[in-house]
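Peer 1:
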Ligand SMILES: O=C([O-])C(=O)C[C@H](O)[C@@H](O)C(=O)[O-]
Ligand SMILES: [Mg+2]
């Protein structure tokens, strides 16, 4: 089962004006779709970021992988590593923490690894979770992902989600998602308004949803004293406090002084960060993400390390499409120590997708693990072409929440800590 051909297709889809500490989401979100084919006629799918610097690396790697067996992940990793050399690709938005050479490599490797697992599953007639140790759950819980947001991108008609610029707006947004998807956990993306305003919003959500598991994530927008203050005010209200402040040392200081665990998808983003994070007790919950932790197998290894060192585990999400949701669901199904509902941006995608409908659905806040072979999702080639045309036409080649925000608020500063 040798790789014979790889097709790499950047796509763009509509994204609402979601606010965060870096600025605001642009009207188009980018992804890259990877199709790997083998000499015996099988094909598999992977999905990754669409930013041009990353896409360029993915394309370069794709040119080097022909002839490698889809079972030989170490050989694949070594071949991708050769194309990366010592390069480090940085994200402009900075929402997933520091860029390192290892993270650059793991991000480029991930979609190829997922596509090879898809192929291997198809060859065996088995779902991908069976290749990761087999399922320990048949449905994966996800959380509602609330954002402060404008009613529309400036100059455009209102979107279907409405504005959310205060607690009432967030409660209405949560109701919309809870009613449609059945979510039992609710995450608020903070770092947008002063911390006390966001604390009050979380307390209002607690009143409106007394049984929901709650959490807030300001992406490092707060200083150590502010983080401690927020943590104490939200004692007993949230399950964990996500990336209140930047850097392991500051996180460790906060962790020692607040009653709930700290979670991160920003200060522990590669294996090389784990020893110090564990030594310093900086985080209690690791939010993994196979898109930058080197694919699904490496993510199961990360899960094992978390279990060994007493870290709880859940999953981070950026804007994504159905191939990623399928991969996240297979992975989470095969991880025994998943401790919280995973993040997903899926509801914000508003049914735009590159996969055919049917295989992925939400029921009671969870996605049943697709049962078909491989990832269990099928590429919708017409949708892929249409979304590729959108990519070519939209003019966005890099996610840049800050520059987009500055077109409306020229003095906007993404500097963190802000409060
Ligand atoms: O820290 C996080 O959870 C994220 O970075 C998730 C997303 O990137 C989110 O912040 C966004 O898209 O604005
Ligand atoms: Mg986060």
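In the working numbering, the protein residues as written are 8 to 426. We treat Cβ as the ideally placed atom computed from N, Cα and C, and that holds for glycine. On a predicted model such as this, the values are computed, not experimentally measured, just so you know.
For ligand 2, any of its heavy atoms closer than 7 angstroms to the Cβ of residue 395?
Peer 2: Every heavy atom of ligand 2 is 7 angstroms or more from the Cβ of residue 395, so no.
Peer 1: Could you give the C-beta distance for residue 394 and residue 361, rounded to a whole number, given that I count them as a contact under 8 angstroms?
Peer 2: With 8 angstroms as the limit, residue 394 and residue 361 qualify as a contact, their Cβ atoms being about 6 angstroms apart.
Peer 1: Taking C-alpha atoms, which residue in 407, 29, 93 lies nearest to residue 200?
Peer 2: Measuring from the Cα of residue 200, the nearest candidate turns out to be 29.
Peer 1: Ignoring anything shorter than 4 residues, give me the alpha helix (DSSP H) runs that lie fully in the region 303-345, in order along the chain.
Peer 2: As far as the region 303-345 is concerned, its whole alpha helix (DSSP H) runs of at least 4 residues are 329-340.
Peer 1: Looking only at C-alpha atoms, which of 416, 425, 209 sits nearest to residue 242?
Peer 2: The shortest C-alpha separation from residue 242 is found at 209.
Peer 1: Look up residue 11 in the DSSP assignment and say whether it is helix, strand or coil.
Peer 2: In the structure shown, residue 11 sits in a strand (DSSP, three-state: E or B).
Peer 1: For residue 294, verify whether its CB is less than 7 angstroms away from any heavy atom of ligand 2.
Peer 2: Indeed, a heavy atom of ligand 2 lies less than 7 angstroms from the Cβ.
Peer 1: Quick one, which of 101, 107, 296, 279 has its alpha-carbon nearest residue 91's?
Peer 2: It is 107.
Peer 1: Do residue 372 and residue 34 have their CB atoms nearer than 8 angstroms?
Peer 2: Not a contact, by the Cβ cut-off of 8 angstroms.
Peer 1: From what residue to what residue does the beta strand (DSSP E) around residue 224 run?
Peer 2: Counting along the chain, the beta strand (DSSP E) containing residue 224 begins and ends at 220-224.
Peer 1: So, helix, strand or coil for residue 228, using DSSP?
Peer 2: Residue 228: coil per DSSP, three-state reduction.
Peer 1: Jot down the residue ranges of each uninterrupted alpha helix (DSSP H) in the region 368-413, minimum 4 residues, whole runs only, in chain order.
Peer 2: Those alpha helix (DSSP H) runs which fall completely within the region 368-413 and span 4+ residues are 388-401, 408-413.
Peer 1: What is the rounded straight-line gap between the Cα of residue 266 and the Cα of residue 260?
Peer 2: Distance between the alpha carbons of residue 266 and residue 260 is about 12 angstroms.
Peer 1: Would you report the Cα separation of residue 27 and residue 351, rounded to the nearest angstrom?
Peer 2: If you take the alpha carbons of residue 27 and residue 351, they lie about 16 angstroms apart.
Peer 1: When the distance is taken between beta carbons, is residue 348 closer than 8 angstroms to residue 182?
Peer 2: Contact: no.
Peer 1: Cα separation between residue 328 and residue 359?
Peer 2: So the alpha carbons of these two residues sit roughly 8 angstroms apart.
Peer 1: Measuring straight from C-alpha to C-alpha, what distance separates residue 51 and residue 124?
Peer 2: Near 8 angstroms, if we compare the C-alpha coordinates of residue 124 and residue 51.
Peer 1: Please determine if the region 98-118 and the region 129-142 are in contact, where contact requires at least 3 C-beta pairs separated by less than 8 angstroms.
Peer 2: No, the region 98-118 does not touch the region 129-142.
Peer 1: Assess contact between the region 170-179 and the region 150-158, defined as three or more Cβ pairs (one per stretch) separated by less than 8 angstroms. Is contact present?
Peer 2: These segments touch.
Peer 1: Report the CB separation of residue 376 from residue 145 in whole angstroms; it is logged as a contact under 8 angstroms.
Peer 2: Correct: roughly 6 angstroms between the Cβ atoms.
Peer 1: One question on the structure: do residue 410 and residue 36 come within less than 8 angstroms of each other, judged by their Cβ atoms?
Peer 2: Going by C-beta atoms, residue 410 is not nearer than 8 angstroms to residue 36.
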